[in-house]
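Novice:
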Amino acid sequence: MIPMTTQQVGFAPVRGHYPDNSIRPLVTQTLLQTKRLLTRWARDYVTVTGAVVLPILFMVVLNIVLGNLAYVVTHDSGLYSIVPLIALGAAITGSTFVAIDLMRERSMGLLSRLWVLPVHRASGLISRILANAIRTLFTTLVMLGTGVVLGFRFRQGLVASLMWLCVPVILGIAIAAIVTTVALYTAQTVVVEGVELVQAIAIFFSTGLVPLDSYPGWIQPFVAHQPVSYAIAAMRGYAMGGPVLSPMIGMLLWTAGICAACAVPLAIGYRRASTH
Numbered sequence: 028m029i030p031m032t033t034q035q036v037g038f039a040p041v042r043g044h045y046p047d048n049s050i051r052p053l054v055t056q057t058l059l060q061t062k063r064l065l066t067r068w069a070r071d072y073v074t075v076t077g078a079v080v081l082p083i084l085f086m087v088v089l090n091i092v093l094g095n096l097a098y099v100v101t102h103d104s105g106l107y108s109i110v111p112l113i114a115l116g117a118a119i120t121g122s123t124f125v126a127i128d129l130m131r132e133r134s135m136g137l138l139s140r141l142w143v144l145p146v147h148r149a150s151g152l153i154s155r156i157l158a159n160a161i162r163t164l165f166t167t168l169v170m171l172g173t174g175v176v177l178g179f180r181f182r183q184g185l186v187a188s189l190m191w192l193c194v195p196v197i198l199g200i201a202i203a204a205i206v207t208t209v210a211l212y213t214a215q216t217v218v219v220e221g222v223e224l225v226q227a228i229a230i231f232f233s234t235g236l237v238p239l240d241s242y243p244g245w246i247q248p249f250v251a252h253q254p255v256s257y258a259i260a261a262m263r264g265y266a267m268g269g270p271v272l273s274p275m276i277g278m279l280l281w282t283a284g285i286c287a288a289c290a291v292p293l294a295i296g297y298r299r300a301s302t303h
């Protein structure tokens with residue numbers, strides 16, 4: 028009698044060289060999605076106009092209208108306050124357009140489609156943070172170039188100049204965290220635009236346009252210790268000289284606090300927006 032044997036025939040599961048939650052897929056997929064976002068934003072004329080063209084025009088107008096007044100008050104060029112102010116304003120405006128674009132992708136179902144694909148779960152959110160930081164750096168360079176044409180000059184060397192460029196990028200991460208978190212929990216763009224209005228008020232109620240002593244006494248503590256004033260003071264110090272340690276510490280603490288407060292709601296909101 029010949030013994031009978033059985034053999035299971037099938038396909039062995041195919042495993043990738045790297046698991047889905049490893050670092051390499053996270054890096055490659057984050058860079059790929061970052062490129063996708065930057066390409067999309069660059070082709071959006073509304074975003075380019077609102078985040079780049081309008082701030083340039085606003086800087087020119089402010090320099091014409093308030094340049095001489097700032098010289099009388101500070102005995103130096105008003106560009107050392109106007110250029111940082113507009114660079115931070117461009118970061119706020121651009122973050123709002125980016126948040127509205129996120130809401131558009133959610134309503135189109137793109138976030139849901141990306142969520143079910145074999146990509147790293149964290150790559151979608153990290154790519155938006157990275158893309159926004161690159162966008163902020165680009166707009167800051169454009170604002171700096173415009174300021175140089177108008178007469179803005181660095182006086183503290185190369186290292187201070189590079190630190191000047193980093194300030195809007197760092198604070199821009201906190202600004203983007205606030206706006207993106209709000210965008211993930213609402214379906215109305217008017218809510219996001221309302222957040223932009225509050226941030227714009229922080230821009231104008233800062234030491235960017237007028238010195239702290241020119242404000243009423245009851246509002247001076249708010250103006251002195253809000254993040255935009257810290258950022259402008261640091262950028263002014265890096266450009267023309269002055270204290271930078273205390274303003275940088277204040278700005279970094281504000282950024283860390285905002286990011287820590289938004290981290291959990293941001294992650295939960297992005298997951299909910301991607302799975303519904």
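In my numbering, the protein residues as written are 28 to 303. We put the beta carbon where it would ideally sit given N, CA and C, even for glycine.
When the distance is taken between beta carbons, is Ala258 closer than 9 angstroms to Leu84?
Specialist: Cβ atoms of Leu84 and Ala258: not closer than 9 angstroms.
Novice: If you measure between the beta carbons of Gln183 and Met267, is that distance less than 9 angstroms?
Specialist: In this structure, Met267 lies closer than 9 angstroms to Gln183 by Cβ.
Novice: Inspect the beta-carbon positions of Ala260 and Val271 and report whether they are closer than 9 angstroms.
Specialist: Closer than 9 angstroms, so yes.
Novice: Residues in its own chain within less than 8 angstroms of Asp71 by CB, not counting five upstream and five downstream?
Specialist: Only Phe124, Asp128 meet the Cβ criterion.
Novice: Taking the alpha-carbon positions, what's the Ala300 to Ala287 distance?
Specialist: Spanning the two alpha carbons is a distance of roughly 20 angstroms.
Novice: Is it the case that the Cβ atoms of Ile200 and Asn159 are separated by a distance below 9 angstroms?
Specialist: Going by C-beta atoms, Ile200 is nearer than 9 angstroms to Asn159.
Novice: Relative to the C-alpha of Thr282, which candidate in Ala294, Pro254, Ile295 has its C-alpha closest?
Specialist: Among Ala294, Pro254, Ile295, the Cα nearest to that of Thr282 is on Pro254.
Novice: Return the Cβ separation of Pro82 and Met170 in integer angstroms, given the expectation that the two are a contact with Cβ distance under 8 angstroms.
Specialist: Confirmed, about 6 angstroms.
Novice: Between the Cα of Met262 and those of Ala227, Pro195, Ala229, spot the shortest distance and give me the residue it belongs to.
Specialist: It is Pro195.
Novice: To the nearest angstrom, how far is it from the Cα of Tyr242 to the Cα of Ile228?
Specialist: If I take the Cα positions, the gap works out to 14 angstroms.
Novice: Nearest CA to the CA of Val79: which residue from Gln247, Pro248, Val186, Thr173?
Specialist: Looking at the Cα atoms, Thr173 is the closest of the given residues.
Novice: Closest by CA to Val225, which one among Thr213, Ile205, Gly244?
Specialist: Here the closest residue by C-alpha is Ile205.
Novice: Sort Glu132, Thr55, Trp142 by Cα distance to Arg298 and report the nearest one.
Specialist: The residue with the shortest Cα to Cα distance from Arg298 is Trp142.
Novice: Give the range of the alpha helix (DSSP H) segment to which Tyr212 is assigned.
Specialist: From DSSP, Tyr212 is part of no alpha helix (DSSP H); its letter is neither H nor E.
Novice: Would you give the residue range spanned by the alpha helix (DSSP H) that Thr163 belongs to?
Specialist: Here the alpha helix (DSSP H) through Thr163 covers 150-177.
Novice: If contacts are defined as beta-carbon pairs under 8 angstroms, then Met130 and Ala69 qualify, I think. What distance do you get, rounded to the angstrom?
Specialist: That pair is no contact at about 19 angstroms.
Novice: With a cut-off of 8 angstroms on the beta carbons, I'd call Thr302 and Ser139 a contact; round off their distance for me.
Specialist: About 7 angstroms separates the two Cβ atoms, so the contact holds.
Novice: Would you mind reading off the limits of the alpha helix (DSSP H) that contains Phe249?
Specialist: Counting along the chain, the alpha helix (DSSP H) containing Phe249 begins and ends at 247-252.
Novice: Please return the same chain residues whose Cβ sits closer than 6 angstroms to the Cβ of Phe181, not counting the five positions on each side in sequence.
Specialist: Here the set comprises Ser188, Ala266.
Novice: For Val54, which residues from the same chain have a beta carbon less than 8 angstroms from its beta carbon, with the 5 sequence-adjacent residues on both sides left out?
Specialist: If we look at Val54 and ignore the five residues flanking it on each side, it has no Cβ neighbours.
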